[in-house]
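Inspection log for the structure reproduced underneath, given as structure tokens.
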Amino acid sequence: MVVEECSLPSKSTFKLLLPQIIACFIKNYAVFTAGLATQFPTVIIPELTGIAPTDGFKETLSITSEESSWFGSLTYICQLIGSIIGGHVIDIFGRQRILLISITPSVIAFLMFYFANSVVVLFAAYTIIGISNGVLLVAAVTYTGETCFLLVLTVPETPIWLLSKGYEEKARETLQWLRGWSTPEFVEEEFQLLKASIEDNSQYYSEEKSEYLKIIEKFKDFTSRSNLAPIFITFLLFLICQSNGIIAMTPFLVQIFKALGTNVDANWSTVVVASVSLAGTISCAATVKFLGKRKLCLGGLTMCSVSCAFLGFYALKELPTGWNSFHLPPDVEVKSSWIPLVCIMGLFFFTSLSIADIPWMYMAELFPFKIRGFSNGIILAVALLIGFVNTKAYKDLEVGFSIGGAMIFFSVFTIIFIPLLYLFLPETEGISTDDIEKFFSHKNHRITQVNIKKFLESEKQKESKISK
2 MVVEECSLPS KSTFKLLLPQ IIACFIKNYA VFTAGLATQF PTVIIPELTG IAPTDGFKET
62 LSITSEESSW FGSLTYICQL IGSIIGGHVI DIFGRQRILL ISITPSVIAF LMFYFANSVV
122 VLFAAYTIIG ISNGVLLVAA VTYTGETCFL LVLTVPETPI WLLSKGYEEK ARETLQWLRG
182 WSTPEFVEEE FQLLKASIED NSQYYSEEKS EYLKIIEKFK DFTSRSNLAP IFITFLLFLI
242 CQSNGIIAMT PFLVQIFKAL GTNVDANWST VVVASVSLAG TISCAATVKF LGKRKLCLGG
302 LTMCSVSCAF LGFYALKELP TGWNSFHLPP DVEVKSSWIP LVCIMGLFFF TSLSIADIPW
362 MYMAELFPFK IRGFSNGIIL AVALLIGFVN TKAYKDLEVG FSIGGAMIFF SVFTIIFIPL
422 LYLFLPETEG ISTDDIEKFF SHKNHRITQV NIKKFLESEK QKESKISK
């Protein structure tokens with residue numbers, strides 16, 4: 002059974018949304034620590050390699066350029082391990098408890114960073130952060146996707162998980178809180194729908210089955226026909242997200258700015274880029290309701306490709322042959338210009354506007370509830386593996402083809418995938434998770450159908466004609 006939309010009594014939209022906003026804000030504050038850890042290499046690598054040290058500060062530890070490529074990419078392979086673990090345990094212990102548990106190792110790792118007296122300790126601390134972040138991100142994305150709604154009501158995570166474990170009264174209280182501190186009568190219809198959903202999917206919650214059998218059943222559902230399209234779409238989005246240049250460049254951003262010769266200090270340039278990225282994320286949140294995810298993705302990626310192309314051609318024309326940021330000659334002066342900074346700002350802004358955040362939205366929407374946590378764990382693991390490969394390979398790419406050649410590569414890679422998104426990426430903005438599930442599970446669904454509303458209306462009209 003698919004959980005249907007239920008009609009709630011009239012109530013202030015703000016009061017309905019406020020508890021969900023609070024819950025997701027608290028969750029995202031936990032993710033903030035994951036963001037800090039992910040950006041750590043950007044600050045640490047130039048100090049440890051000595052490429053762009055801070056004035057007046059002498060670092061006692063050091064690493065080679067090869068070790069820096071490992072340090073910059075280590076978090077992704079560790080997050081991969083964490084996401085696989087998280088995809089399974091969040092259905093056992095619940096999203097909230099996993100969010101709390103996964104923060105503790107990060108605190109320990111930050112203390113290890115502070116007291117580190119060897120490179121081994123730095124790598125160990127970053128390994129701990131990576132694994133805990135992988136678990137945290139799976140729980141966070143799943144929690145948001147199942148607690149929030151836009152225009153239509155969708156199923157909240159916490160009550161349905163509590164029901165699956167038999168905590169009926171606690172589930173009712175939580176549902177009342179999520180629906181604006183409502184009365185039991187106000188949420189009764191939705192509560193009964195949630196109970197029916199649990200009964201219909203009882204094979205996933207049965208205590209009589211071993212965890213191994215539950216995983217096997219979830220994997221079978223994950224690879225079922227109705228989920229092939231969501232798997233392909235989310236994989237394609239994360240492939241582009243992890244491969245358009247931003248992920249690979251971020252750990253080495255300070256040295257890249259120094260190699261390109263911007264008019265702004267290399268360390269301060271990263272602050273400018275971070276501010277631009279924040280502006281892009283805010284712009285995405287402000288415009289996605291009106292423009293939709295599909296248009297933002299296609300338009301933003303086009304501008305990302307243009308930004309990379311301009312930067313690549315500038316570097317090939319203005320910088321010495323074979324110029325790269327990993328082997329900067331100490332006695333060579335680079336011509337200063339605003340062009341590299343503007344191009345990188347454009348790349349980061351349009352990435353944040355489109356492909357940086359939107360894949361996470363799709364991952365939270367496309368899979369049905371019964372396997373959502375499991376599916377998110379697998380997709381996130383694949384995305385992190387791609388991020389690891391790209392970040393680790395970036396040094397070889399830049400050294401082999403120069404910094405200009407690397408930027409041209411990212412531009413061409415991005416532009417190749419835009420037609421694929423145009424053909425296969427459906428618009429889910431303003432569509433309930435119920436309708437999204439009906440769309441992908443419908444017998445007449447084709448992967449090239451991207452207008453969910455039009456498809457469902459058309460099929461409904463066909464069914465009404467047949468019934469007459």
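When we follow our numbering, the leftmost residue of the sequence shown carries the number 2, and every step to the right adds one. We put the CB at the ideal spot given by N, CA and C, even for glycine.
Judged by pairs of C-beta atoms under 8 Å, the region 287-307 touches the region 350-357, as three or more such pairs exist.
Between the alpha carbons of A394 and L348 lies a distance of about 20 Å.
Per DSSP, the unbroken alpha helix (DSSP H) holding G405 starts and ends at R373 to F425. Here the region 238-252 makes contact with the region 384-391; the two share three or more CB pairs at distances below 8 Å.
At a Cβ-Cβ threshold of 8 Å, I404 and W324 count as neighbours. The three-state secondary structure of T65, taken from DSSP, is coil. Contact between G301 and S412 does not hold, since the beta-carbon distance rounds to 14 Å and is not under 8 Å.
In this structure, the CA atom of W339 is about 29 Å from the CA atom of A287. Inter-residue distance for I99 and R173 is about 21 Å (C-alpha atoms, whole angstroms). Pairing E366 with T434 gives a Cβ-Cβ distance under 8 Å. In the three-state DSSP reduction, N452 falls in the strand class (E or B). Note that the C-beta distance between G374 and D92 is below 8 Å. S465 sits in a helix when the DSSP states are folded into three classes.
For F351, the enclosing alpha helix (DSSP H) begins and ends at I340 to L354.
Taking all protein chains in view, the Cβ of L279 is surrounded by fewer than 16 other Cβ atoms within 10 Å, so the residue is classified as exposed. In terms of Cβ geometry, E399 and S326 form a close pair [threshold 8 Å]. Secondary structure at E366: helix, using DSSP grouped into helix, strand and coil. At the C-beta level, I132 and G167 stay beyond 8 Å of one another.
Taken through DSSP and simplified to helix, strand or coil, T263 comes out as strand.
DSSP places V307 in the uninterrupted alpha helix (DSSP H) bounded by K294 to E319. Secondary structure note for S326: it is in no alpha helix (DSSP H), with a DSSP letter that is neither H nor E. Under the 10 Å beta carbon count, V272 is surrounded by fewer than 16 other beta carbons and is classified as exposed. Assigned with DSSP and collapsed to three states, E428 falls in strand. For G135, the closest C-alpha among the options H89, F111, H446 and L176 is that of H89. Secondary structure of N268 (DSSP, three-state): helix. No residue range can be given for K336, since it is assigned to no alpha helix (DSSP H) and is classified by DSSP as neither H nor E.
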